[in-house]
Each structure stands twice: as C-alpha cells, then as structure tokens.
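Here's the structure we're looking at; comments come further down.
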Amino acid sequence: MFKAVLSDSNILKTSFDAISSIVDEVQMQADEEGLRLDALDRSHITFVHLELKKGVFDEYQCDEPMKINVDTEELMKVLKRAKAEDMVELTVDEGNLILSFEGEARRKFKIRLIDIEYEAPSPPQLEYPTEFEVPFSLLKDSIQDIGIVSDKISLHVNEEKFEASAEGEFGDAKIEYLHGEKIEESARSIFSLEKVKEMLKADKFSESAVLRLGNDMPLNLALKMASDEGELSFLLAPRIESEE
Amino acid sequence: MFKAVLSDSNILKTSFDAISSIVDEVQMQADEEGLRLDALDRSHITFVHLELKKGVFDEYQCDEPMKINVDTEELMKVLKRAKAEDMVELTVDEGNLILSFEGEARRKFKIRLIDIEYEAPSPPQLEYPTEFEVPFSLLKDSIQDIGIVSDKISLHVNEEKFEASAEGEFGDAKIEYLHGEKIEESARSIFSLEKVKEMLKADKFSESAVLRLGNDMPLNLALKMASDEGELSFLLAPRIESEE
Amino acid sequence: MFKAVLSDSNILKTSFDAISSIVDEVQMQADEEGLRLDALDRSHITFVHLELKKGVFDEYQCDEPMKINVDTEELMKVLKRAKAEDMVELTVDEGNLILSFEGEARRKFKIRLIDIEYEAPSPPQLEYPTEFEVPFSLLKDSIQDIGIVSDKISLHVNEEKFEASAEGEFGDAKIEYLHGEKIEESARSIFSLEKVKEMLKADKFSESAVLRLGNDMPLNLALKMASDEGELSFLLAPRIESEE
Numbered sequence: 001m002f003k004a005v006l007s008d009s010n011i012l013k014t015s016f017d018a019i020s021s022i023v024d025e026v027q028m029q030a031d032e033e034g035l036r037l038d039a040l041d042r043s044h045i046t047f048v049h050l051e052l053k054k055g056v057f058d059e060y061q062c063d064e065p066m067k068i069n070v071d072t073e074e075l076m077k078v079l080k081r082a083k084a085e086d087m088v089e090l091t092v093d094e095g096n097l098i099l100s101f102e103g104e105a106r107r108k109f110k111i112r113l114i115d116i117e118y119e120a121p122s123p124p125q126l127e128y129p130t131e132f133e134v135p136f137s138l139l140k141d142s143i144q145d146i147g148i149v150s151d152k153i154s155l156h157v158n159e160e161k162f163e164a165s166a167e168g169e170f171g172d173a174k175i176e177y178l179h180g181e182k183i184e185e186s187a188r189s190i191f192s193l194e195k196v197k198e199m200l201k202a203d204k205f206s207e208s209a210v211l212r213l214g215n216d217m218p219l220n221l222a223l224k225m226a227s228d229e230g231e232l233s234f235l236l237a238p239r240i241e242s243e244e
Numbered sequence: 001m002f003k004a005v006l007s008d009s010n011i012l013k014t015s016f017d018a019i020s021s022i023v024d025e026v027q028m029q030a031d032e033e034g035l036r037l038d039a040l041d042r043s044h045i046t047f048v049h050l051e052l053k054k055g056v057f058d059e060y061q062c063d064e065p066m067k068i069n070v071d072t073e074e075l076m077k078v079l080k081r082a083k084a085e086d087m088v089e090l091t092v093d094e095g096n097l098i099l100s101f102e103g104e105a106r107r108k109f110k111i112r113l114i115d116i117e118y119e120a121p122s123p124p125q126l127e128y129p130t131e132f133e134v135p136f137s138l139l140k141d142s143i144q145d146i147g148i149v150s151d152k153i154s155l156h157v158n159e160e161k162f163e164a165s166a167e168g169e170f171g172d173a174k175i176e177y178l179h180g181e182k183i184e185e186s187a188r189s190i191f192s193l194e195k196v197k198e199m200l201k202a203d204k205f206s207e208s209a210v211l212r213l214g215n216d217m218p219l220n221l222a223l224k225m226a227s228d229e230g231e232l233s234f235l236l237a238p239r240i241e242s243e244e
Numbered sequence: 001m002f003k004a005v006l007s008d009s010n011i012l013k014t015s016f017d018a019i020s021s022i023v024d025e026v027q028m029q030a031d032e033e034g035l036r037l038d039a040l041d042r043s044h045i046t047f048v049h050l051e052l053k054k055g056v057f058d059e060y061q062c063d064e065p066m067k068i069n070v071d072t073e074e075l076m077k078v079l080k081r082a083k084a085e086d087m088v089e090l091t092v093d094e095g096n097l098i099l100s101f102e103g104e105a106r107r108k109f110k111i112r113l114i115d116i117e118y119e120a121p122s123p124p125q126l127e128y129p130t131e132f133e134v135p136f137s138l139l140k141d142s143i144q145d146i147g148i149v150s151d152k153i154s155l156h157v158n159e160e161k162f163e164a165s166a167e168g169e170f171g172d173a174k175i176e177y178l179h180g181e182k183i184e185e186s187a188r189s190i191f192s193l194e195k196v197k198e199m200l201k202a203d204k205f206s207e208s209a210v211l212r213l214g215n216d217m218p219l220n221l222a223l224k225m226a227s228d229e230g231e232l233s234f235l236l237a238p239r240i241e242s243e244e
C-alpha cells in the first residue's frame, strides 16, 4: 500500500521539469521515510537527487519499500496538467503510477510503469572549499545573459563575489553578485551552458540555491525547502578546458 | 437595408473562432427577428447553429430577409482585430460585408461576399435520454487532459457524475465531475478529440455548457447567453468503435 | 573618457529594436552635447535619426568627440537583457562598447566595436504641407489591421481626419482618426507595410507620434520625449504606384 497526498503540485512539477530534461527514465524509491530518486544522465555529466520526506506530504503511507519506475517525459506531460490549487494524490496499482488531481473535478491519470534494470547510482562524496547562497532568479538570468555570447559558462567565486562569465567572438558577458558570505578560498570551473540550463528548470522548488564550487570540480547545486523536509540537488561535471 | 450594432465584440469573435475551424464558408441569414447561421462541415461530422436574436444587439434593423455568404477565415481575421471595448457595426453593400469597429479611431473592414450555392442544412431532431450542465472551463481542461494519452475521448454520464476518459498506450486519463442533476439513465459515446477541440474554441460565449448525451448518439453541446436571446450549439457525430 | 548613465533602459531598448531591424551596422557619435546616430538602410528607403542629449542621462561625460561603431543585432541582443528597473551604464574601452546593468547583481557586457567606413548620412530637408499628432498605439493597430488585407498602406490626411487604408483581393480596411488639428491642405502617400512595421517597433519611446505627410512624399515620423532632450525620427520613402 502506497499513498502520498501533496497540496503543492508545484513541488513535483518543477522538479520533474528539470529531471525529465536530464534523464528519460527514472526510479523513485518509496519507503516509510518518504520518496527519493537518484539518477545519472546517459553521458554521466549530471547527477540528480530528489528527496521528499514524509513530512512534505499532507498524508503519506508506505507499508513496505517499493520501486516506481517511470518514463520521465510521460510523467511530466501529466504533471503539467496539474493546477496550482489542485491537491495531488499518488498511488500505484499493479502496473501503473496513478496521479489524481482534486479540484473542481477529479482528474485521474494512470502512467504505465516501465520495466527497467535500474541500479540507483550513488552521488560521489566530494569535499568543497566553498559554499554560498545565490537567488535562484539570478542564476536563471545569468545563463540567459551568458547565452548571448557563448555556450560555456565560467563560474568563479572569491571572498566577496560570485561571478558568472563567458567570452565570445562578438562580445563578453560577466555577472557579479556580492554573496556576503565568508569564503576564504576562491574557486573556478567551466560548465556547459546547456547542462546548467537543464538544472535551472526547477525554478519553483526554492527561491534560493546553495552552490558549492571548487577548481575544476563538479558544480553542486542544492535547492532546499524552507521546512528542510525536501531537497533537490544536482552535481554537474565541469568541462575540461585546455586553456582559458 | 441591414444594420446591426453590438457592444460586445466577444460574442462574434468567440463564435466565429469555433465556426471558422469547422467550416470554410458560411451563410448568415438575416431577417427582422435577428441573425442565424446553420452549417455542416464537409465530412458531415459537426453541425453548428448560431442564433443572435434582435435583442442581443444594441441596434438592429433588417427590412427584408437577406443571405450573407462569407469565407469564415477572412471574417475571423477581421474579427480578431476587434478590441474588447470596441462597438461593432455590421452592414452590407453591393458586394461586401462591412464591419466597423468604433473606439479611439473608426476602423472599417470590408469583406467580399462570396457566391455560393448554399442550402442551409437543418439540424436533425433527436431525443436525448440525458441533459446536464458543465462549466465550460472544465470541458476545455478535459480535452487537454485527454490529449496527452489519446486522440479519442469517451464521454459518459450517469446518475451522479459526468466522466471524460481515454485509454492510451502509455497511460490513461479520466475526469470525473459531479453534475448534481437528476439523470435516470446513463449514456456513453466516443468522439474524435480533434472535433471536440474545434467546438470548444467558443469559450467566451457562455460560462457553462449544456450537454446532451445518449448511447452512441451525437453530442449536443449548447451555449446559451444569460439573456436567452443568443445561442450557439453544436452536434457532433460519435465515432463508431468496434469494441471498447 | 566616455561614460553615460541612464536610469530608463527602455529608451535604448525600444529605439534599437526599431534601428536594428532597419540597419545592420551603425555609428553612434558622442560629444559633449550627447549621443546621436544617423543611418540609412541599404535600399535607401528608411532614414533613421536618434538623438539623446546630455540631459536625458543621469550622468554624462564625454571629453572629446568619438565614434562608436557597432553591429546593431549584437547590441540589441544585449539590450534585451536589461530589466526595466536596471540602471544602464555605457562606456568604451580600446575595442569594445561596454554596457553595465546594475540591479540585484552587476551584469556587464562587452560588444566588439566594428571597423566600418561610415560616412554619417544627413537627412534631406523637406518642406511638408501637413503636421499632426497621432497616438502611437493607433499606428501600431493600423498596420496590424491593414496587414490582413494588403502589404501596402495608404496614408491620407485632410482637414478633419487621418486615414490609413488599403484594398486587397478579399477585402478592404480603413482606419479613420479625428486628429483635431488645423490642416489646410490634404496629402496622401503609399508605403510598404513592412517598412512601416520596422519603424513602429520603437513603441516605448513616446506615447504619441508627430507625422508629416505630403503627396507622394516621404513619411516623417517623429517621436519626442516629454523633456525635449531626446528624439527618435524616421523618414520613409513612398512607394511609387502606377495607379490607385
């Protein structure tokens, strides 16, 4: 018996908007603690982790651990149909994940479960020299800004500011943000703009993002709910540049 | 002499948005009672009826019955240019339907009348076992919901609820709405989603729709103005399914 | 040393939206009086003039006259990234025009200066029999209205009204606006709708436009800031019609 009821459909909508652009198929793992999902994209560049603890839900019941394998694109098509004010209920039957949206009417969608050999990947444990917070909207703006000059983005943080920049043939772009945090070492890495864009689709999960950067290390981007019961985080491998 | 003045341009805009996606050419019939239009699409699947009685208009004059034949796409292009606050005036001259929009400026459009042999079709008189009301927005949502799993929509009504549903390869969708009306028999038919979509473009004519359903009978969808002076209604032939 | 700071990014955004659709490359001329730009499109149909006097800027400094040659499309890409509330700063270094947008973060863009042989054209001095004012939104509407019947627009003004009109194969369109000004002669010319559309992109420069028309003369369209410190004006050559 699995049943999870959520009053904020945006949590699922926004996280799967990012997830479905990173991976085609995914395994959600449900147990009495809550739901979690770990996935790695085909090219092993982006790792995504979603955790929705029991407390995030208005109602949550999971008698025994189960794995829910779905096509992320099919799931996203359904989630897009949820309205902001809809109450969302997730259940499973023999071969389907069932999503019910309760509003003016009761709208019920079944998505076929898929049969995949899935070994949930574990995120590498990395030690970062820096950690700081940035408004999510600023990150979104920055990739749009950078996109007009380049398809790479260089992220750099030092004592006083966080910088996103790129140099292109016709011009350069640089965004500087005073993070106001204590950072003793500076760090810089370069990423594919396209890949950063995928992660940043999750724009309603949290208003600010916690970034961790190192020199030529993966970018760690974590979105945390105010309640601390839910987290969506990403690890993005850096591009190795022969020179910059 | 024909002249009709209407302060709500949305009435014409919304009805012709649906009509122009169903039929290419149409004959409006004007007489001292008002305007009416009956049309049947080329494949004889959708019948549309529009009636705007004299009382709908701010000013109405028609000395003798006349037929106004127009290309619906050309008419729609012009109607789209009307603003919500524009006063619309319809007249005819020798070879044109003239639409004037009165706002900040006077904007006048002439559409060439076309020369068609047009025998206005009459709607079949059908006896329905059911009749119930549904919010228009719910119908619009339902076809979007169904559209993600199938290109057919099954409509079903019983004592307590109205149901729109479909089964697809990757999933199913079902929308249940408690209609709160007295229906003693249940009824079910299946329709082309594309065709339902065409009718539902008329979304500003009325906030709710009256549906009549029977087993494998055409869908009767009627939109009525609060004033009872105007009506836009559709008949849509059911799909014949070998089994369901 | 050149530095210009502007609190209203819309002034630059809206003027270069029009300018970049008319010319690919442009020379801005800066001196102690302010910025100006004169350009003529490749086919010599549209002449554009932009003048932003010192007083338009929150801060303005230009020690010696200089020429700033840029690709208008590259500039427009950057200007689009400015937010309404951003403070914009323009400077130049050895080979770049530098735009900084100051808001939540500091976003800095460099656009490569280009090396063009540019002889700034001078607008022809013409004597017009008419001059009148029209709301900018009305002009925008008119070209959309005309666009549904034709790709030419006839502009006509007489004592009491300004008229935009066109005749097409399937219909005609005519927009009449009572200008309420003293005009003793009437005038009429025909223009390419496409070219008028390019000029009318500058829709946030001023709420009303001053038009000057003559018989088969260029259209003179001038947008003036309330403060009289800034002006964006266009000259558009008429189409020669064998008969109308």
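Residue numbers (full-length UniProt numbering), protein chains in the order written: chain C, 1 to 244; chain V, 1 to 244; chain Z, 1 to 244.
We put the CB at the ideal spot given by N, CA and C, even for glycine.
Predicted, not measured: the structure shown is a model, and the values here were computed from it.
Chain-ordered chain Z contacts of C:Tyr177 [CB-CB under 7 Å]: Ala105
7 Å Cβ cut-off: residues of chain V touching C:Glu198: The premise fails here: C:Glu198 is roughly 22 Å from chain V at the closest Cβ pair, so nothing lies under 7 Å.
Exposure of Z:Ser206, with buried meaning 16 or more beta-carbon neighbours within 10 Å: buried
Continuous beta strand (DSSP E) assignments of at least 3 residues falling wholly in the region 53-110 of chain V: Within the region 53-110 of chain V, the complete beta strand (DSSP E) runs of at least 3 residues are 59-62, 66-71, 87-92 and 96-102.
Collapsed DSSP secondary structure at Z:Val23 in the structure displayed: coil
Simplified DSSP assignment, three categories, for C:Glu243: Interpretation of C:Glu243 is limited by its pLDDT of 48, a score under 50 that renders its predicted location unreliable; no figure is taken from the coordinates.
Bounding residues of the beta strand (DSSP E) (the contiguous stretch that carries Z:Val196): Premise fails: Z:Val196 lies in the alpha helix (DSSP H), Leu193 to Met199, not in any beta strand (DSSP E).
C-beta neighbour in chain V for C:Ile111, strict 8 Å: Nearest CB-CB separation between C:Ile111 and chain V: below the 8 Å threshold.
C-beta atoms of Z:Asn215 and Z:Ser189 nearer than 8 Å: yes
Contact residues within the region 132-153 of chain Z, judged by C-beta distance below 7 Å to chain V: With the criterion set as a beta carbon lying under 7 Å from some beta carbon of chain V, the members of the region 132-153 of chain Z are Pro135, Leu138, Gln144, Asp145 and Ile148, in sequence order.
Three-state secondary structure assigned by DSSP to V:Thr130: coil
Contact with chain C by V:Lys174, beta-carbon distance below 8 Å: Taking Cβ atoms only, chain C reaches closer than 8 Å to V:Lys174, which makes this a yes.
Proximity below 8 Å, CB of C:Pro129 to CB of C:Ala187: yes
Rounded Cβ spacing between C:Lys13 and C:Ala82 (contact assumed at less than 8 Å): 6 Å
Beta-carbon spacing of V:Ile114, V:Asp71 below 8 Å: yes
Of the residues V:Lys201, V:Glu51, V:Asp8 and V:Ile45, the one placed nearest residue 246 of chain V, counting alpha carbons only: Because chain V in this structure spans residues 1 to 244, residue 246 of chain V falls outside the shown range and cannot be described.
Alpha-carbon to alpha-carbon, C:Glu32 and V:Gly147: 35 Å
Same chain only: Cβ atoms within 6 Å of C:Gly168, ignoring 5 sequence neighbours per side: Val149 and Ser150
Within-8 Å CB hit, V:Glu74 to chain Z: Interface criterion met: the Cβ of V:Glu74 is under 8 Å from a Cβ in chain Z.
6 Å Cβ shell around V:Lys197 - same chain, five flanking residues per side excluded: Ile143
Rounded C-alpha distance that separates Z:Leu50 from Z:Glu25: 14 Å
Helix, strand or coil at C:Ile153 [DSSP, three-state]: strand
Residue environment, Z:Ile240, which counts as buried when at least 16 other CB atoms sit within 10 Å: exposed
Reduced DSSP secondary structure (H/G/I, E/B, other) of V:Ile143: helix
Strand pairing of V:Pro135, partner residues [DSSP]: V:Ser208
Beta bridge counterpart(s) of C:Ser233 as assigned by DSSP: C:His49 and C:Ala222
Short Cβ contact (8 Å threshold) for C:Ser208 with C:Pro124: no
Within chain C, partners of Z:Lys77 - CB distance below 7 Å: Ile148
Z:Lys80 burial status per 10 Å Cβ neighbour count (16 or more: buried): exposed
Where C:Ala18 falls: helix, strand or coil (DSSP): Here C:Ala18 carries a helix assignment [DSSP, helix/strand/coil].
Backbone CA spacing between V:Gly231 and Z:Glu181 [nearest angstrom]: Per the sequence shown, the amino acid found at residue 231 of chain V is Glu instead of Gly. Going from the Cα of V:Glu231 to the Cα of Z:Glu181 covers about 46 Å.
Exposure label - C:Ser122; buried when at least 16 CB within 10 Å: exposed
C-alpha gap between C:Glu244 and Z:Ile11, whole angstroms: With a pLDDT of 44 at C:Glu244, under the threshold of 50, the predicted position of this residue should be treated as unreliable, though the coordinate-derived value follows. Cα to Cα, the separation comes out at about 36 Å.
Those residues which DSSP pairs with C:Ala164 across a bridge: C:Ala164 is bridged to C:Leu155 and C:Ile175.
Terminal residues of the beta strand (DSSP E) in which V:Phe2 lies: Phe2 to Leu6
Same chain, Cβ closer than 7 Å to C:Glu160, five either side skipped, listed in chain order: Result list for C:Glu160: Leu178, in chain order.
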